[in-house]
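**Student:** Can you read through this structure? Questions will come right after.
Number of protein chains: 2
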Amino acid sequence: MGSTLGRRLPVMADVAKEAGVSHQTVSRVLNDHPNVRSETRTRVLEAIDKLGYRRNLVARALVTKHSRTLGVVSFDTTLYGPASTVYGIERAARAAGYFVSIVSLKSIDRAGVRDALDYLADQGVDGIVVVAPQRSAAQALADLPLGVPTVAVEGGQAGGVSVVCVDQVAGGRLATEHLLSLGHRTVWHVSGPSDWLEAEGRVAGWRAALEQAGREAPRPLAGDWSPRSGYEAGRSLASMRNVTAVFVANDQMALGVLRAFTEQGVRVPEQVSVVGFDDIPESEFFSPPLTTIRQDFDAVGRHSIEVLVRQLEGGPQERERLVVPPTFVSRVSTAPV
Amino acid sequence: MGSTLGRRLPVMADVAKEAGVSHQTVSRVLNDHPNVRSETRTRVLEAIDKLGYRRNLVARALVTKHSRTLGVVSFDTTLYGPASTVYGIERAARAAGYFVSIVSLKSIDRAGVRDALDYLADQGVDGIVVVAPQRSAAQALADLPLGVPTVAVEGGQAGGVSVVCVDQVAGGRLATEHLLSLGHRTVWHVSGPSDWLEAEGRVAGWRAALEQAGREAPRPLAGDWSPRSGYEAGRSLASMRNVTAVFVANDQMALGVLRAFTEQGVRVPEQVSVVGFDDIPESEFFSPPLTTIRQDFDAVGRHSIEVLVRQLEGGPQERERLVVPPTFVSRVSTAPV
DNA sequence: TCAGGGGTTGTTAGCGTTAACAATCAAGTG
DNA sequence: CACTTGATTGTTAACGCTAACAACCCCTGA
Numbered sequence: 103m104g105s106t107l108g109r110r111l112p113v114m115a116d117v118a119k120e121a122g123v124s125h126q127t128v129s130r131v132l133n134d135h136p137n138v139r140s141e142t143r144t145r146v147l148e149a150i151d152k153l154g155y156r157r158n159l160v161a162r163a164l165v166t167k168h169s170r171t172l173g174v175v176s177f178d179t180t181l182y183g184p185a186s187t188v189y190g191i192e193r194a195a196r197a198a199g200y201f202v203s204i205v206s207l208k209s210i211d212r213a214g215v216r217d218a219l220d221y222l223a224d225q226g227v228d229g230i231v232v233v234a235p236q237r238s239a240a241q242a243l244a245d246l247p248l249g250v251p252t253v254a255v256e257g258g259q260a261g262g263v264s265v266v267c268v269d270q271v272a273g274g275r276l277a278t279e280h281l282l283s284l285g286h287r288t289v290w291h292v293s294g295p296s297d298w299l300e301a302e303g304r305v306a307g308w309r310a311a312l313e314q315a316g317r318e319a320p321r322p323l324a325g326d327w328s329p330r331s332g333y334e335a336g337r338s339l340a341s342m343r344n345v346t347a348v349f350v351a352n353d354q355m356a357l358g359v360l361r362a363f364t365e366q367g368v369r370v371p372e373q374v375s376v377v378g379f380d381d382i383p384e385s386e387f388f389s390p391p392l393t394t395i396r397q398d399f400d401a402v403g404r405h406s407i408e409v410l411v412r413q414l415e416g417g418p419q420e421r422e423r424l425v426v427p428p429t430f431v432s433r434v435s436t437a438p439v
Numbered sequence: 103m104g105s106t107l108g109r110r111l112p113v114m115a116d117v118a119k120e121a122g123v124s125h126q127t128v129s130r131v132l133n134d135h136p137n138v139r140s141e142t143r144t145r146v147l148e149a150i151d152k153l154g155y156r157r158n159l160v161a162r163a164l165v166t167k168h169s170r171t172l173g174v175v176s177f178d179t180t181l182y183g184p185a186s187t188v189y190g191i192e193r194a195a196r197a198a199g200y201f202v203s204i205v206s207l208k209s210i211d212r213a214g215v216r217d218a219l220d221y222l223a224d225q226g227v228d229g230i231v232v233v234a235p236q237r238s239a240a241q242a243l244a245d246l247p248l249g250v251p252t253v254a255v256e257g258g259q260a261g262g263v264s265v266v267c268v269d270q271v272a273g274g275r276l277a278t279e280h281l282l283s284l285g286h287r288t289v290w291h292v293s294g295p296s297d298w299l300e301a302e303g304r305v306a307g308w309r310a311a312l313e314q315a316g317r318e319a320p321r322p323l324a325g326d327w328s329p330r331s332g333y334e335a336g337r338s339l340a341s342m343r344n345v346t347a348v349f350v351a352n353d354q355m356a357l358g359v360l361r362a363f364t365e366q367g368v369r370v371p372e373q374v375s376v377v378g379f380d381d382i383p384e385s386e387f388f389s390p391p392l393t394t395i396r397q398d399f400d401a402v403g404r405h406s407i408e409v410l411v412r413q414l415e416g417g418p419q420e421r422e423r424l425v426v427p428p429t430f431v432s433r434v435s436t437a438p439v
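Residue numbers (my numbering), protein chains in the order written: chain A, 103 to 439; chain B, 103 to 439.
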């Protein structure tokens, strides 16, 4: 029994022998080199087909120094925002012919980000996308001397690397101006955690709109993005007499606010108007359906890959900064005073 | 100028020279071989440190035939369930020392699954986790002769491979029995798409509980997991006189049902009781807070990696089938008749 | 004293691919 | 007809690592 079932997977040399050519010619066919006689090409292709040959990408990566793999570092991909962004990234990367290797951090601190980056660099990724919504993550990026092209998503002015983000300030402004245009004296704000750049941007936009209208900005109530923290903020708000309009920094917290108001008998939008942020799929079915600011996470994901691939394939580029505008989504949680 | 700044990354040979040993000894230190004099070891470690050497995992994978990368195929990681599962998988894999490469499908059909699997196999992953909630995906798995160890999550009786899943039937039963115990005559059901195994399991559990109690099962209304489809089912339900209890196959649809009821002036739980499924973070803040069945996605993710790693490192194993029990979460959307 | 054996280290040969260069052949050029 | 040119193919040498084996050390015990 010359060969037991030690069925080794076929390698390039096997194909070469089968087709009666050299392994290099097989390589040429696989890599679409111009100078291969079309007859030879078909012969090779047939051999490949017959043997069920699949090129070994690891060996290829070793010699080319390119793995065609991109790394993604993200924070809690359980949240709708990060999940959608990563989803967009993954699809765009695949469309561009890259694999995606993911690291989800449960907390983003300097050390965590550095570890993740090291981990990916070790694996030999060609480029990295860091979904870096927290200031600390953005900072960690700044002082990393890693030799791999990197793009930051929501990374503020993240040092040294290109950034793709949604214009949070414009979003905050949009929400606040809408409320003001409805005749509300002022607008309260339930913010995200203070070390998140997105939270900061929304606060800035809210404050700017208020100032521009000559209104005083009340003290914002700080949440942590969770429905529960929104609920707690909502209870505070409900107990105050003069609140008629609230801009909540994300839809999940807005849900909590709505719940608190309902419990306290505060009617939305009759007594208080509420605007959220994100436009998660659920918002349309809240009670009442939530007016909110929509972020195009998919576009953010796609753009980040575009920028990264441009850097990868077009040689060293200038740092880019790509800003995606948010849009206003009108539903029923807001009404004139 | 002998060396321009052609700063090549250091390789093992460089470390070897620096430490005055052979490259093989460096390899031995890196791989924790027992027979290395501790003095030599420290010398090598120092050289590694000094040069900032990092082992090239691609070269290593080429010779060992192991990439220490696991592939994950999932469906729409934007949904809470898949997202949480993948999150659990990723963390468990990393803890076990594996990288994770992800492919998110937008629609799961046979061809899509096959492509994804091929794609990952090409990349040289050591094992694959397929989050295969649809019947078609599970079937695709059945007739794949791929040589890579694979585990299916929610894959029903997926042919040939080990499966980790939540006991959907038990969940459906739990929900229905709760409603029945509250004195409701019968329980209506808003189901998920019929080609999803999870949907099917929940229907089966609901039907079994009803039968066991000697009640007739009304015709289930089919949804597609989205809040909108729940909303539509809710409108139908609201227009019917005899509905007092509804088991909805996921929390998002339950939100839609709640919304429809609110619009039609049907009060929950006073007039109708509603039970959801999943226990997403928002459910607690629905109006009213939703009684639901909790799935431990994190545990599912962890277990799938455990099973896979066991297969990877312990040689060929028996097919396993690991079932995670769901739990009942009582809130305010249900009440006695 | 010398054979035997474990601990420690070095040498050599791949892993499967692509890059660089050499070789061959047919076609055109003066 | 010798000579360049371009297309096509083959040969050889890496890429950076680990496995297998060989070599050497020092210690033991007869």
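All C-beta atoms, glycine included, are put in the ideal place defined by N, C-alpha and C.
Under 8 Å: do the region 279-295 of chain B and the region 320-339 of chain B share three or more Cβ pairs, one atom per stretch?
**Tutor:** yes
**Student:** Put Arg72/B into one of helix, strand or coil per three-state DSSP.
**Tutor:** A query on residue 72/B cannot be resolved here, the shown segment of chain B reaching from 103 to 439 and no further.
**Student:** Within the 7 Å Cβ cut-off, does Tyr189/A reach chain B?
**Tutor:** yes
**Student:** Could you confirm whether any beta carbon from chain A is found closer than 7 Å to the beta carbon of Glu384/B?
**Tutor:** yes
**Student:** Per DSSP, Val231/A forms a beta bridge with which residues?
**Tutor:** According to DSSP, Val231/A bridges with Val174/A and Val253/A.
**Student:** Expressed to the nearest angstrom, what Euclidean distance is found between the alpha-carbon atoms of Gly122/A and Ala161/A?
**Tutor:** 23 Å
**Student:** Taking buried to mean at least 16 other C-beta atoms within 10 Å of its own C-beta, is Met342/B buried or exposed?
**Tutor:** exposed
**Student:** From Ser176/B to Gly183/B, what does the alpha carbon distance come to, in whole angstroms?
**Tutor:** 11 Å
**Student:** Counting contacts by CB-CB distance shorter than 7 Å, is Ser338/A in contact with chain B?
**Tutor:** no
**Student:** By how many angstroms is the C-alpha of Ser129/B removed from the C-alpha of Gly104/B?
**Tutor:** Legend: pLDDT at Gly104/B = 32, less than 50; position of this residue unreliable, value from coordinates given subsequently. Distance between the alpha carbons of Gly104/B and Ser129/B: 29 Å.
**Student:** Ignoring anything shorter than 3 residues, give me the beta strand (DSSP E) runs that lie fully in the region 132-191 of chain A, in order along the chain.
**Tutor:** 171-177
**Student:** For chain B, find out if any of its Cβ atoms is closer than 7 Å to the Cβ of Asp116/A; answer yes or no.
**Tutor:** no
**Student:** What residues of chain A sit near Ala185/B, judged by a beta carbon separation below 8 Å?
**Tutor:** Residues of chain A passing the Cβ test: Thr179, Thr180 and Ala185.
**Student:** Considering only the beta carbon of each residue, do Ser375/B and Leu281/B sit closer than 7 Å?
**Tutor:** yes
**Student:** Start and end of the beta strand (DSSP E) containing Arg396/A?
**Tutor:** Thr394 to Arg396
**Student:** With H, G and I counted as helix, E and B as strand and the rest as coil, what does DSSP make of Arg130/A?
**Tutor:** helix
**Student:** Mind pulling the chain B residues with CB within less than 7 Å of Glu192/A?
**Tutor:** Ile204 and Ser206
**Student:** Got a sec: which bits of the region 359-372 of chain A sit with their beta carbon under 8 Å from any beta carbon on chain B, in order along the chain?
**Tutor:** Leu360, Arg361 and Thr364
**Student:** Taking 7 Å as the CB-CB cut-off, is Gly258/A touching chain B?
**Tutor:** Chain B, which has no Cβ nearer than 7 Å to the Cβ of Gly258/A, makes this no.
**Student:** List in chain order: all unbroken beta strand (DSSP E) runs of 3+ residues lying wholly within the region 254-289 of chain A.
**Tutor:** Fully enclosed beta strand (DSSP E) runs of 3 or longer: 264-268.
**Student:** Please compile the residues from chain B whose C-beta is within a distance smaller than 8 Å of the C-beta of Gln354/A.
**Tutor:** Contact annotation for Gln354/A against chain B: Pro383 and Glu384 [CB-CB distance below 8 Å, chain order].
**Student:** Beta-carbon of Arg329/B versus every beta-carbon of chain A: anything under 7 Å?
**Tutor:** It is worth fixing the name first, because residue 329/B is Pro in this sequence and not Arg. With 7 Å as the cut-off, Pro329/B counts as an interface residue toward chain A.
**Student:** Run through DSSP, which three-state label would Arg421/A get?
**Tutor:** coil
**Student:** Out of curiosity, what's the CA-to-CA distance linking Asp178/A and Glu256/B?
**Tutor:** 22 Å
**Student:** Of the choices Ala356/A, Ile230/A, Asp211/A and Arg421/A, whose alpha-carbon is the least far from that of Ala242/A?
**Tutor:** Asp211/A
**Student:** Alpha helix (DSSP H) containing Val215/A: first to last residue?
**Tutor:** Arg212 to Gln225
**Student:** Please classify Glu415/A as buried or exposed, where buried requires at least 16 neighbouring CB atoms within 10 angstroms.
**Tutor:** Glu415/A counts as exposed, since fewer than 16 other beta carbons sit within 10 angstroms of its beta carbon.
**Student:** From what residue to what residue does the alpha helix (DSSP H) around Leu339/A run?
**Tutor:** That run of the alpha helix (DSSP H) goes Pro329 to Ala340.
**Student:** List the residues that DSSP assigns as beta-bridge partners of Val370/A.
**Tutor:** According to DSSP, which records beta bridges pairwise, Val370/A is partnered with nothing at all.
**Student:** Taking 8 Å as the threshold, find out whether the region 372-389 of chain B comes into contact with the region 428-439 of chain B through three or more Cβ pairs.
**Tutor:** In short, these stretches touch, since the Cβ pair count reaches three.
**Student:** Would you mind giving the Cβ-Cβ distance between Gly304/A and Gln354/A, rounded to the nearest angstrom? I have them listed as a contact below 8 Å.
**Tutor:** Checking the sequence shown, residue 304/A turns out to be Arg, not Gly. Rounded, the Cβ-Cβ distance is 14 Å, inconsistent with contact.
**Student:** Within its chain, find whatever has a CB closer than 6 Å to the CB of Pro391/A; leave out the 5 residues flanking it on each side and keep chain order.
**Tutor:** Arg433 and Val434
**Student:** Taking the DSSP output, what are the residues bridged to Ala324/A?
**Tutor:** Ser293/A
**Student:** Suppose you measure from the CA of Ile191/A to the CA of Ser203/B; what does that come to, to the nearest Å?
**Tutor:** 13 Å
**Student:** Going along chain A in order, which residues have a C-beta closer than 8 Å to the C-beta of Ser169/B?
**Tutor:** For Ser169/B, the chain A residues whose Cβ falls inside 8 Å of its Cβ are Val160, in order along the chain.
**Student:** Roughly how many whole angstroms lie between the Cα atoms of Asn158/A and Asp224/B?
**Tutor:** The C-alpha of Asn158/A lies about 7 Å from the C-alpha of Asp224/B.
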